[in-house]
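At position 307 of the sequence shown (counting the first as 1) the number is 875 in our numbering, and the numbers step up by one without a gap. Beta carbons are placed, not taken as given, at the ideal position from N, Cα and C, and that holds for glycine. Read through the structure below, which is laid out as structure tokens, and then see the notes.
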Amino acid sequence: MVNTAGWIGRLGSRLSRMEARLDERRAEVEAETMGVPQKPGAGAGAAVAPPVVVAGPRERPDPVTAVPWGMRVAAEVSWRLLLLAGMLWVLMKVISEVRLVVLAFVAALLVTALLQPFVVRLRRLGLPRGLATAVTAILGFVVIGLVGWFVVWQVMENLDDLSDRVRDGINELKLWLLDSPFHVTEKQINDIAKNLTDTIGTNTEEITSAGLQGVTVLVEVLTGMLLAMFSTLFLLYDGKRIWNWVLGLVPAPARPGVAGAGPRAWRTLTAYVRGTVLVALIDAVFIGLGLYFLDVTMAVPLAVFIFLFAFIPLVGAVISGALAVVVALVTQGVFTALSVLAVVLLVQQIEGHVLQPFILGRAVRVHPLAVVLSVAAGGMIAGIGGAVVAVPLVAVTNTVVVYLRAYSQDHQQHGGAPVVGVEPNGATALGEGVDDPV
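Here is the structure:
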């Protein structure tokens, strides 16, 4: 029994020592793991120093994730807008360098849009394409030339009468100023006239330079007219082949959409030109009749000017109407001028609220704010020619954008399959009565 008790005691002491060694080894492993050196001989009962954490390099967040989402979106949009603005600026610089050619070609497109339906009708009557094109072009150019000649002839015929009326009007104005409550004396009026004469005499060189610039402008106008005539001939005769060649320059994935947008854009342009010509003709006839019955000098040339200025939306009507009122004021007096103003306002109100919505329709309607901004921008970029082509360009662009948006939506709905029969709102409402572009 004594031996058994001694053996158990020794076994217990050994187990205690083994536990102590295990605790010591566990403490050493923990110290090595935490980076704290363990003193030799430190047992299980030894105090273990608190672990010291060694600070490593702090990880910084990704800069992309640090930028707020709204700022990232704004930056992405901004650099794309800057890229587009740069491209537009370069395009405008190139167009300004070849402005004469661009305006001549655009004028040819407008004339072609006006004359092409006549070519189509002649071909339906059995005439060959070349003969139908030649007949239409010759008749169109003859009519345009006769209109220009008639305006010049009427102005030259009435120029002496107009100058006499202006002289009489100035004399009447002088007498009115002398009798007016403004206390204007004849000496002051003579001094103003003398100052005007001296100003003209001292600025003879500038006037001569302006005359030479006018000759240069006349040469450019004649050159542009010749370019427009030749371009119109080729567009009338070979327009479809030119359009197919343009389609060949478009990348293949985008070609179906462009091929569908082209005919709709051409129908919009054709409807705009024909509607504008009809509205301008109605304006010129009714305002011209009013000028004729009011016995205003140069009533017929003024009516022709009203017709021509009607191709500049909003602005042209104001300018031509103001010109008619000024001529009536100088030649006939205040009462006639007020009567002419009433006639002009009445006709223009009927045009804006009845004729344009009925003739042009919704297919080529453009918001008045877009009309004003586009005319102003076109005038700043390319003068009168830019103001003339600005609105049809906006109308055609609107038709193309509407069609491509509808085409893209249908294309996505069909899973990339070819889209058949896409008929969005806009120029497609005009029907299929007009051929493909030029």
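- Selection V894, G946 and A878 evaluated against V915 yields A878 as nearest (Cα-Cα).
- With fewer than 16 neighbouring CB atoms inside 10 Å of its own CB, F861 falls in the exposed class.
- For I887, the enclosing alpha helix (DSSP H) covers residues V883 to Q900.
- At a Cβ-Cβ threshold of 8 Å, V893 and V908 count as neighbours.
- Assignment of H979 by DSSP, reduced to helix, strand and coil, places it in the helix class.
- For E788, the closest C-alpha among the options G638, L579 and R667 is that of R667.
- By a beta-carbon distance limit of 8 Å, L859 contacts L870. Their separation comes to about 6 Å.
- In the displayed model, L695 falls within coil according to three-state DSSP, outside both helix and strand.
- Looking at V687, V710 and R692, the one whose alpha-carbon comes closest to that of A700 is V687.
- I949 is the residue among Y971, I949, D630 and F709 whose C-alpha sits nearest the C-alpha of S664.
- Contact annotation: F875 and L837 have beta-carbon atoms that are not nearer than 8 Å.
- Residues L862, D863, V864, A896 and L897 of the same chain have their beta carbon placed closer than 8 Å to that of T904, with the five preceding and five following residues left out of the count.
- Remark: C-beta atoms of L801 and A705 approach each other more closely than 8 Å.
- A direct Cα-to-Cα measurement between N726 and V868 gives close to 10 Å.
- In the three-state reduction of the DSSP assignment, D747 falls in the helix class.
- Counted as a single uninterrupted DSSP element, the stretch harbouring M866 is not any alpha helix (DSSP H), since DSSP gives it neither H nor E.
- The alpha carbon of L707 has as its nearest neighbour, out of F673, L690 and Q722, the alpha carbon of L690.
- In this structure, the alpha-carbon of G843 lies about 27 Å from that of G825.
- About 6 Å separates the Cβ atoms of G830 and W811, confirming a contact at the 8 Å cut-off.
- If you draw a 10 Å sphere on the C-beta of N966, you find 16 or more other C-beta atoms in it, and that means buried.
- In the structure shown, H921 falls within a helical segment according to DSSP collapsed to helix, strand and coil.
- Around G946, the same chain offers G954, A955 and A958 as residues with beta carbons nearer than 6 Å, after the five sequence neighbours per side are excluded.
- In the DSSP assignment, R640 falls within the unbroken alpha helix (DSSP H) covering W637 to E665.
- At the C-beta level, V679 and A839 stay beyond 8 Å of one another.
- By the CB criterion at 8 Å, V934 and V962 fall inside the cutoff.
- A buried status is given to G792, since no fewer than 16 other beta-carbon atoms sit within 10 Å of its beta-carbon.
- When the beta-carbon positions are compared, G884 and Y975 stay at least 8 Å from each other.
- Inclusion of L683 and L794 in the CB contact set at 8 Å is not warranted, their separation being larger than that value.
- For V915, the secondary structure class from DSSP, reduced to helix, strand or coil, is helix.
- Excluding the 5 residues flanking it on each side, V719 has same chain C-beta neighbours closer than 6 Å at P869 and V872, in chain order.
- Pairing V723 with M866 gives a Cβ-Cβ distance under 8 Å.
- Taking a C-beta distance under 8 Å as the contact criterion, I855 and V922 do not qualify as a contact pair.
- Between the C-alpha atoms of V886 and A944 there is a straight-line separation of about 14 Å.
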